[in-house]
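Residue numbers (the numbering used here): 16 to 136. We put the beta carbon where it would ideally sit given N, CA and C, even for glycine. Because the structure is a prediction, the values reported are computed rather than measured.
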Amino acid sequence: MLAERLAPGGDARAYVIDAPTSGLASCSLGLIHPVLPAPNYAKGRAAHIHAVATEPAFQRRGCGKATLAALLDRLERDGVTLCELYASEGSAPLYAGLGFASNPALMRMTHFPAPSSPGTS
């Protein structure tokens with residue numbers, strides 16, 4: 016399903032840095048979605064940054080910052096005016112350096128549907 020979203024015309028954007036030998040050094044992934052327009056995002060296009068990941072051997076070299084900066088630039092060119100992500104305390108300075116701000120008024124809440132009992136749908 017992600018491959019379809021990354022295909023031309025899809026709503027996923029990803030940037031990667033290849034590791035010198037093989038695999039990835041770092042990657043950033045964002046998914047574009049519609050939102051109700053508001054003064055700060057009048058176009059009604061938002062993105063959720065789903066992943067910013069860097070292999071431990073490549074951390075503290077600017078790889079994560081480079082992939083995320085490229086992703087944010089692309090999202091802006093795509094008309095996205097609101098980008099959101101979840102950040103750990105340790106990664107917050109990276110995101111703040113790229114223009115993200117924390118919002119203490121927000122609280123993350125999750126809901127997981129109860130598992131179905133055997134024999135029910």
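### Task
Below 8 angstroms on the Cβ atoms is my guess for valine 67 versus leucine 83; work out the distance and round it to an integer in Å.
Working through the sequence shown from its first residue, we reach residue 67 at position 52. Working through the sequence shown from its first residue, we reach residue 83 at position 68. For valine 67 against leucine 83, the beta-carbon gap comes to about 5 angstroms, under 8 angstroms, which counts as contact.
### Message
Along the chain, where does the beta strand (DSSP E) containing glutamate 104 start, and where does it finish?
### Response
Along the sequence shown, read from residue 1 onward, the residue named residue 104 stands at position 89. Unbroken run through glutamate 104: none, as it is neither H nor E.
### Message
On the criterion of 16 or more Cβ atoms from any shown chain inside 10 Å, does alanine 72 qualify as buried, or is it exposed?
### Response
Along the sequence shown, one-based indexing puts residue 72 at 57. With fewer than 16 Cβ atoms within 10 Å of its Cβ, alanine 72 is classed as exposed.
### Message
I'd like the span of the alpha helix (DSSP H) that includes threonine 150, first residue to last.
### Response
Given a span of 16 to 136 for the chain in the structure shown, any question on residue 150 remains unanswerable.
### Task
Give the range of the alpha helix (DSSP H) segment to which arginine 20 is assigned.
The count along the sequence shown starts at 1 and reaches residue 20 at position 5. From DSSP, the alpha helix (DSSP H) with arginine 20 extends over 17-21.
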